[in-house]
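*Asks:* Here the sequence shown is numbered in the working numbering, starting from 68 and rising by one per residue.
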Amino acid sequence: MKIKKLYSFSNKKQIWRLLPTQTGKLVVEERDPASKEVFFSCLDIKTGKKILNNFQLEEKFWIGIEVIYKDIIYFHKFRKPDLPGHLGIIAFDIITKTILWETNEYIFLFIYEDGLYCYKEKFDGRNFYKLDYSTGKLLSDIGRDVTGINILKEKTLSDDNPNGSYFTRQFNPGYENNETVRNHLTGIKTGNLVSGKIEYIYLGGLLLYSFHEILPSGGEMKNIFRAVDIEAGKVIFEEELNTGIKVFVPDSFFIADDLLFLLKDKTGFITCSIDK
Numbered sequence: 068m069k070i071k072k073l074y075s076f077s078n079k080k081q082i083w084r085l086l087p088t089q090t091g092k093l094v095v096e097e098r099d100p101a102s103k104e105v106f107f108s109c110l111d112i113k114t115g116k117k118i119l120n121n122f123q124l125e126e127k128f129w130i131g132i133e134v135i136y137k138d139i140i141y142f143h144k145f146r147k148p149d150l151p152g153h154l155g156i157i158a159f160d161i162i163t164k165t166i167l168w169e170t171n172e173y174i175f176l177f178i179y180e181d182g183l184y185c186y187k188e189k190f191d192g193r194n195f196y197k198l199d200y201s202t203g204k205l206l207s208d209i210g211r212d213v214t215g216i217n218i219l220k221e222k223t224l225s226d227d228n229p230n231g232s233y234f235t236r237q238f239n240p241g242y243e244n245n246e247t248v249r250n251h252l253t254g255i256k257t258g259n260l261v262s263g264k265i266e267y268i269y270l271g272g273l274l275l276y277s278f279h280e281i282l283p284s285g286g287e288m289k290n291i292f293r294a295v296d297i298e299a300g301k302v303i304f305e306e307e308l309n310t311g312i313k314v315f316v317p318d319s320f321f322i323a324d325d326l327l328f329l330l331k332d333k334t335g336f337i338t339c340s341i342d343k
């Protein structure tokens, strides 16, 4: 087994989200709380080549991503600053770098088989609609059929992991059935000045985990990532992700498209290949 660094990314801004697409791309959302600006970049997921860099919409901060579908990013605005309610749909084409269509009339729900399902909030409840995903053209007024919408939503969940993505879970000895994994992580917990939970992924003999170790000063921690060939009991890769931190940094790594992504210093990430 071997893990090899492929590329790294950092624009020196806080990384908010990393979103792998179904078309071999990675969308990066970064936010600057001080200036209240959000920036979007897009990379070739295998090479790190930039397709978009520091892209911004007219609204500079109160904007977010609903989903990415067939190289189209669907953005939403917010009803009011600091409130979670979404407003409107903006369909942005990654390839042409243009807005295909936008509307403040509907609120996004999900996409299923090229149909974009959305709704209008009315005084007496929600009215549902189906739009063409690429043009925003109204295809169907579904009315108040909540049951039908929920059935379609369930169907989208069955294809929620198209990129072979794996995310961390917190280590609890009582819930880990693999004895070798359980013993290894228990040893890390008891043999180091570990604070908080260990987060890990176990995949085909490869154990990936991160933990927070208390520094000698006692008031700060460092976040360490390790990859272990569990059968050989050998550490094959190690990286210090953060140091001098006072709060926990959860979800510091994940796997997508057979690649390992490590969040580094809150403002960057490292992409690695996994050779089993």
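The C-beta atom is built at its ideal place from N, Cα and C for all residues, glycine as well. Computed from a prediction, not measured in an experiment: that's the story for all the values here.
#1: Between which two residues does the alpha helix (DSSP H) harbouring Glu125 extend?
#2: Going residue by residue through the region 189-260, where are the continuous alpha helix (DSSP H) segments of at least 4 residues, counting only ones entirely within it?
#3: Taking the runs of the beta strand (DSSP E) that are 3 residues or longer, which of them lie wholly in the region 124-163?
#4: Compare the Cα-Cα distances from Ser284 to each of Gly271, Thr310, Glu104 and report the closest residue.
#5: Is it the case that the Cβ atoms of Lys103 and Lys80 are separated by a distance below 8 Å?
#6: According to the neighbour-count rule (16 or more other Cβ atoms, all chains shown, within 10 Å of its Cβ), is Ala323 buried or exposed?
#7: Run through DSSP, which three-state label would Ser319 get?
#8: The beta strand (DSSP E) that contains Met288, what's its start and end?
#9: Please state the DSSP three-state secondary structure of Ser262.
#10: Excluding the five sequence neighbours on either side, which residues of its own chain have a C-beta within less than 7 Å of the C-beta of Phe315, listed in chain order?
#11: Just list the residues that DSSP pairs Val94 with in beta bridges.
#12: Given Leu252, which residues of its chain have a CB within under 6 Å of its CB, disregarding the five upstream and five downstream residues?
#13: First and last residue of the beta strand (DSSP E) that includes Asp342?
#14: Leaving aside the five residues before and after Thr342 along the sequence, list all residues of the same chain whose C-beta is less than 8 Å from its C-beta, in chain order.
#15: Tell me whether the beta-carbon of Leu348 lies closer than 8 Å to the beta-carbon of Ile156.
#16: Leaving aside the five residues before and after Ser277 along the sequence, list all residues of the same chain whose C-beta is less than 7 Å from its C-beta, in chain order.
#17: Which residues in the same chain as Lys220 place their Cβ atom closer than 6 Å to its Cβ, once the five residues preceding and following it in sequence are excluded?
#18: Under 6 Å Cβ to Cβ from Phe195, same chain only, skipping five residues before and after it: list those, please.
#19: How is the beta strand (DSSP E) around Thr114 delimited, first residue to last?
#20: Which same chain residues, not among the five before or five after Phe328, have their C-beta less than 7 Å away from its C-beta?
#21: At what residues does the beta strand (DSSP E) containing Tyr9 begin and finish?
#22: For Gly231, I'd like the list of residues in its chain whose CB is within less than 6 Å of its CB, leaving aside the five on either flank, ordered along the chain.
*Replies:* To lay it out plainly:
#1: Neither: Glu125 is in no alpha helix (DSSP H) and is coded neither H nor E.
#2: If only complete runs of 4 or more residues are kept, the region 189-260 shows the alpha helix (DSSP H) at 213-224, 246-258, in order along the chain.
#3: Fully enclosed beta strand (DSSP E) runs of 3 or longer: 130-136, 139-145, 153-160.
#4: Residue Thr310 is the option with its Cα nearest to Ser284.
#5: No, Cβ-Cβ distance for Lys103 and Lys80 is not below 8 Å.
#6: Buried.
#7: Looking at Ser319 - three-state DSSP - the assignment turns out to be coil, as it is neither helix nor strand.
#8: If you look at Met288, you'll find it in the beta strand (DSSP E) that goes 288-296.
#9: Ser262: strand per DSSP, three-state reduction.
#10: The residues are Gly263, His279.
#11: For Val94, which the question treats as bridged, DSSP gives the partners Leu86, Cys109.
#12: The beta carbon of Leu252 lies closer than 6 Å to those of Phe238, Ile265 in the same chain, with the five residues before and after it left out.
#13: Asp342 -> beta strand (DSSP E) spans 335-342.
#14: A small fix is needed here, since residue 342 is Asp in this sequence, not Thr. Only residues of its own chain outside the window of five on either side were considered, and among them Met68, Lys69, Ile70, Lys71 have a CB closer than 8 Å to the CB of Asp342, listed in chain order.
#15: Residue numbering for the chain in the displayed model covers 68 to 343; residue 348 lies beyond these limits and cannot be assessed.
#16: For Ser277, where only same-chain residues beyond five positions count, the Cβ hits under 7 Å are Glu266, Asn290, Ile291, Phe292, Leu308, Ser319, Phe320.
#17: So the list reads Phe177, once near-sequence residues are dropped.
#18: By the criterion of a C-beta distance shorter than 6 Å, Phe195 is surrounded in its chain by Tyr186, Ile209, Ile216, once the five residues flanking it on both sides are discounted.
#19: No beta strand (DSSP E) holds Thr114; DSSP gives it neither H nor E.
#20: Close CB contacts of Phe328 within its chain, under the 7 Å cut and outside five residues either way in sequence, are with Leu85, Phe320, Phe321, Phe336, Thr338 (chain order).
#21: No answer is possible for residue 9: the residues shown for the chain start at 68 and end at 343.
#22: There are no such residues.
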